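Take a look at the structure below.
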Amino acid sequence: MTGPTAETQKGRYAKPLPTSNLSYSDVVPEFEPFEGVAESEVTPRAFAPGGVLLEALKINMCQDVNKPKHYTTDYYMQNLVVRRGQEFVMQVTFNRPLAPEDDFHIEFTIGSDPSPNKGSLVMVTFGNRGSSSWSGRILQSQGTSVMFGITPDAAAIVGKFQVYVAISTGMGMQRTKRDPTTDLYLLFNAWCPDDHVFLPNEAERQEYVLNDEGVIYQGSSSSVVDRPWTFGQFERGILDACIFVLDASQMPIYDRGNVVKLVRVGSAMMNSQDDNGVMVGNWSNDYSMGKPPTSWTGSTKILLQYANTGVPVCFAQCWVYAGVFNTFLRCLGIPARVITNYNSAHDNTGNLKTDLLFNADGTPDRRNTRDSIWNYHCWNEVMIKRPDLPPGLEGWQVVDSTPQETSDGFFRCGPAPVIAIKEGHVCYPFDCGFVFAEVNSDVVYLKRDKYGNLTPFRVDKTYVGEKILTKAVGSQQQNNITNTYKYPEGSAEDEATMARAEGFGCERDHSDVPEDDLSVTVIVEPCVIGQDVQLVATFKNQGKVLRNVTAHLDCDIIFYTGVVASHFKDITFDVTVLPYQSYSVPFKIPAYEYQTQLSSQTCLRFIVSGQSDNLHVLDLKVLELQTPDLKVTLNGEPLLNQEMGVKVEFTNNFGFPLRGVNLSLEGAGLIGPKSKYYREIPPQATITWQETFIPWLPGLRRITALMDCQEVRQPVGKQCETEQHVLVIPPHCQQVLASCDCQPACPDNAPMKKEEEEEEEEECPSKKSLSDGIGLVQPATDDDDRQDFGCFPTLVSG
8 MTGPTAETQK GRYAKPLPTS NLSYSDVVPE FEPFEGVAES EVTPRAFAPG
58 GVLLEALKIN MCQDVNKPKH YTTDYYMQNL VVRRGQEFVM QVTFNRPLAP
108 EDDFHIEFTI GSDPSPNKGS LVMVTFGNRG SSSWSGRILQ SQGTSVMFGI
158 TPDAAAIVGK FQVYVAISTG MGMQRTKRDP TTDLYLLFNA WCPDDHVFLP
208 NEAERQEYVL NDEGVIYQGS SSSVVDRPWT FGQFERGILD ACIFVLDASQ
258 MPIYDRGNVV KLVRVGSAMM NSQDDNGVMV GNWSNDYSMG KPPTSWTGST
308 KILLQYANTG VPVCFAQCWV YAGVFNTFLR CLGIPARVIT NYNSAHDNTG
358 NLKTDLLFNA DGTPDRRNTR DSIWNYHCWN EVMIKRPDLP PGLEGWQVVD
408 STPQETSDGF FRCGPAPVIA IKEGHVCYPF DCGFVFAEVN SDVVYLKRDK
458 YGNLTPFRVD KTYVGEKILT KAVGSQQQNN ITNTYKYPEG SAEDEATMAR
508 AEGFGCERDH SDVPEDDLSV TVIVEPCVIG QDVQLVATFK NQGKVLRNVT
558 AHLDCDIIFY TGVVASHFKD ITFDVTVLPY QSYSVPFKIP AYEYQTQLSS
608 QTCLRFIVSG QSDNLHVLDL KVLELQTPDL KVTLNGEPLL NQEMGVKVEF
658 TNNFGFPLRG VNLSLEGAGL IGPKSKYYRE IPPQATITWQ ETFIPWLPGL
708 RRITALMDCQ EVRQPVGKQC ETEQHVLVIP PHCQQVLASC DCQPACPDNA
758 PMKKEEEEEE EEECPSKKSL SDGIGLVQPA TDDDDRQDFG CFPTLVSG
């Protein structure tokens with residue numbers, strides 16, 4: 008079914024809302040007669056002061072002056088990119104010097120049917136004429152050339168504007184011809200106090216807006232895995248791709264200055280569940296119709312593929328959604344970061360308890376268990392003001408694009424104020440209750456008897472939301488932000504928060520489970536794929552009576568979502584524990600028992616349960632298997648626009664061949680996404696892959712290499728991470744290469760043409776693992792006065 012068009016709606020005053028920024032058929036007329044002037048009288052010319060009509064001959068958007076002031080130098084595009092709420096300059100060359108009687112203005116239009124009332128047509132005037140919400144001033148006039156200062160409104164529409172100079176004649180307005188080279192991209196501005204995305208700390212602005220690479224945390228709470236991710240928000244075509252996403256959502260143009268509405272639309276558009284958005288989710292083992300989620304190294308290829316085809320990209324899981332959404336947000340100027348919540352609850356009934364069911368013999372009841380606890384779940388936070396909410400609810404807001412539950416009819420989540428989640432104010436929009444449950448749910452263990460009756464035997468209030476991490480500002484270290492989401496478990500503040508959430512309708516578990524004097528604890532040693540797993544189950548008796556325990560060890564391979572992929576081992580054993588004593592039982596799980604069933608999952612879950620008379624005890628541990636290393640080395644001088652080389656090596660130390668191996672390589676500002684395919688890598692064989700590249704952005708940067716194959720698919724872990732720091736120096740800074748305090752800058756860097764993605768196929772040895780060579784963006788120097796443009800470019804007389 009097609010949507011409304013101007014033709015089908017011409018019998019109505021209400022036209023279809025303009026929703027396209029990048030492509031529309033409307034053309035602003037070069038000459039527009041004044042109201043009441045008959046067509047027969049229209050002429051685009053009239054008398055002017057001195058008898059010479061004023062004409063605008065040339066528009067110069069002064070990119071060399073504006074981009075450094077607006078922190079947009081890194082955007083790989085020909086047009087000017089600036090941030091709203093902050094002055095930029097443009098130079099107009101006329102056919103003669105300006106006279107006081109000249110009547111003209113500069114127009115900025117966005118979308119079809121632009122309207123001053125909607126903010127999509129902005130007329131910036133000078134002198135005594137009334138102006139729009141954008142202000143303008145003449146900064147310098149020299150002969151026929153005039154330098155104008157334009158300050159967009161801090162709440163202006165974000166997107167791609169067309170620019171015209173309009174001159175009033177006797178009969179109408181004469182505009183300059185349409186010139187795509189003068190089009191202007193306007194972004195949100197974290198440096199502007201009046202913008203709703205304002206971020207006062209410069210180091211945080213450098214991290215959350217300008218850093219084009221980062222780390223996404225995976226694994227488990229006891230074994231955190233760092234996955235390098237290339238956001239690449241400055242790469243060629245990415246800004247247009249982000250605008251394309253908004254166009255595809257059919258979000259009205261005039262709403263695109265509202266950051267709350269925009270991030271909510273973006274949350275829905277990252278998934279394809281109900282609106283043909285950017286990515287298709289897939290949590291199975293079958294990725295034959297696309298790429299496995301574990302094979303992506305960054306966001307750029309995904310966004311460009313979607314923008315070029317309009318077809319959702321296959322496939323994604325939560326960290327891919329979060330990584331791509333982070334690129335989208337930072338590219339548009341919104342401060343954003345990726346968050347990982349360990350032991351994240353997903354309760355289908357929407358309350359504050361997660362029910363895990365067990366059979367009478369202590370084995371998991373997989374058939375009837377519907378709730379799940381994800382080993383980890385990734386979402387995003389954005390730093391925005393919330394004028395739609397009471398004061399105090401601004402700041403970091405949760406937005407989640409992974410399709411889990413619907414919100415107002417679409418698969419999306421947020422923005423939800425983090426402070427509201429911490430305080431239990433789950434009544435505020437959007438989706439605070441859902442996020443609150445993800446980090447605060449109680450885990451209730453229930454045993455089913457032969458009649459189907461359920462009896463709770465344990466309640467764990469600390470497991471869910473055990474650890475919440477994000478990347479630290481200015482480093483690769485972890486930043487534990489759990490205390491921003493919740494108070495310490497069991498504290499008075501925590502109890503008050505939970506009671507408050509209940510008061511707003513959240514159901515909480517109040518099962519009366521007596522304290523037992525018998526407990527069990529499971530400890531699992533870290534393990535590399537292919538090694539035997541060592542674990543110990545320790546039973547502790549704190550009572551006066553000897554305990555004879557019938558125990559059971561359940562071994563599963565699970566998806567990171569907590570769903571069982573395959574069950575591979577059961578052990579039943581008996582233990583006698585003396586009063587006030589502990590008894591430990593060691594287990595060795597041979598590698599061959601789990602290795603053949605791994606497929607795309609590398610998480611093992613071990614559940615030890617025990618029963619003594621009427622007492623039931625249980626403990627579970629999740630083990631994220633580690634992967635071997637990729638070796639990444641660089642060669643050549645790290646100089647801007649000069650060729651360098653990168654080499655990726657891997658040796659297959661597994662006792663079996665790796666088949667269908669895909670090797671990927673990417674580095675923001677260094678090298679675009681590249682890939683190489685190996686049909687098979689025999690045991691003990693070594694592969695070497697070499698590429699050349701030309702750095703086009705200065706600073707301390709990173710190259711990420713990743714490997715994925717049919718036998719073993721797993722996110723990059725800390726153990727498979729190879730760091731290579733690339734300090735790219737502009738030619739005029741080479742003399743200070745040895746200075747640790749030198750921050751390379753390149754105001755005159757002309758972007759080199761980057762290499763397109765290539766994919767090659769090569770027979771012979773190869774490896775499975777994922778890894779990267781790393782370097783980081785250094786913070787740029789902050790300007791004390793962002794409105795001081797210093798010296799203007801030389802004005803050229805016409």
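8 is the number of the first residue of the sequence shown in this note's numbering; add one for each residue after it. Beta carbons: idealized from backbone N, C-alpha and C, even for Gly. The structure displayed is predicted, hence computed values, not measured ones.
Along the chain, where does the beta strand (DSSP E) that runs through residue i open and close?
i      : result
Phe95  : Phe95 to Phe101
Trp381 : Ser379 to Ile391
Cys226 : Position check: residue 226 holds Gly in this sequence, whereas Cys was assumed. It spans Glu220 to Ser227 - the beta strand (DSSP E) in which Gly226 sits, taken as one unbroken run.
Thr307 : Looking at the DSSP string, Thr307 is not in any beta strand (DSSP E); the run it does join, the alpha helix (DSSP H), is Thr307 to Thr316.
Ser179 : Correcting the residue identity first, residue 179 is Gly in this sequence and not Ser. First-last of the beta strand (DSSP E) with Gly179: Gly179 to Arg182.
Arg90  : Leu87 to Arg90
Val172 : Gly166 to Ser175
His353 : Ala343 to His353
Arg234 : Ser230 to Thr237
Pro40  : Phe38 to Pro40
Asn642 : Lys638 to Asn642
Is it true that the CB of residue j sits closer than 8 Å to the CB of residue i?
i      : j      : result
Phe115 : Val129 : yes
Ser228 : Glu445 : no
Val556 : Val582 : yes
Thr609 : Pro235 : no
Asn289 : Ser606 : no
Arg507 : Glu430 : yes
Thr528 : Val450 : no
Phe238 : Ile157 : no
Ser616 : Val624 : yes
Pro424 : Tyr435 : yes
Thr504 : Tyr494 : yes
Leu637 : Val655 : yes
Leu713 : Ser302 : yes
Tyr383 : Tyr171 : no
For the alpha helix (DSSP H) that contains residue i, what are its first and last residues?
i      : result
Gln633 : Premise fails: Gln633 is in no alpha helix (DSSP H) and is neither H nor E.
Lys268 : Val266 to Met276
Thr334 : Cys325 to Cys338
Ala444 : Cys439 to Asn447
Arg554 : Note, Arg554: premise wrong, no alpha helix (DSSP H); beta strand (DSSP E) at Arg554 to Ile565.
Ala712 : Per DSSP, Ala712 belongs to no alpha helix (DSSP H); it is in the beta strand (DSSP E), Ile710 to Asp715.
Val425 : Val425 to Glu430
DSSP three-state label for residue i, please.
i      : result
Leu24  : coil
Trp696 : strand
Arg373 : coil
Val72  : helix
Phe251 : helix
Glu214 : helix
Asp806 : Any question about residue 806 goes unanswered here, given that the chain covers just 8 to 805.
Lys681 : strand
Asn208 : coil
Ile113 : strand
Lys454 : strand
Ser127 : coil
Ser256 : helix
Thr301 : helix
Ile688 : strand
Thr189 : helix
Report yes if the C-beta of residue i is less than 7 Å from at least one heavy atom of the ligand NAD; otherwise report no.
i      : result
Ser140 : With respect to the ligand NAD, the structure offers nothing, as it holds no ligand at all.
>> Counting beta carbon pairs with one atom in the stretch 501-518 and one in the stretch 411-423, are three or more of them shorter than 8 Å?
In response: no
> Taking contact to mean at least 3 C-beta pairs separated by less than 8 Å, is the stretch 336-345 in contact with the stretch 190-204?
Replying inline: yes
> Touching or not, the stretch 634-652 and the stretch 588-595, by the rule of three or more beta carbon pairs under 8 Å?
Replying inline: no
> Residue ranges of each beta strand (DSSP E) run of no fewer than 3 residues wholly in the stretch 471-547, ordered along the chain?
Replying inline: 474-478, 485-487 and 525-531
> Taking one C-beta from the stretch 475-484 and one from the stretch 204-215 each time, how about it: are there three or more such pairs within less than 8 Å?
Replying inline: yes
>> I'd like the ranges of any alpha helix (DSSP H) spanning at least 4 consecutive residues and lying wholly in the stretch 572-628.
In response: 598-602
> Using 8 Å as the threshold, is the stretch 271-278 in touch with the stretch 325-336, meaning 3 or more CB pairs across them?
Replying inline: yes
>> Using 8 Å as the cut-off, can you tell me whether the stretch 653-668 makes contact with the stretch 686-701, which would need three or more C-beta pairs spanning the two stretches below that distance?
In response: yes
> So does the stretch 306-316 actually touch the stretch 340-354, counting three or more Cβ pairs closer than 8 Å?
Replying inline: no
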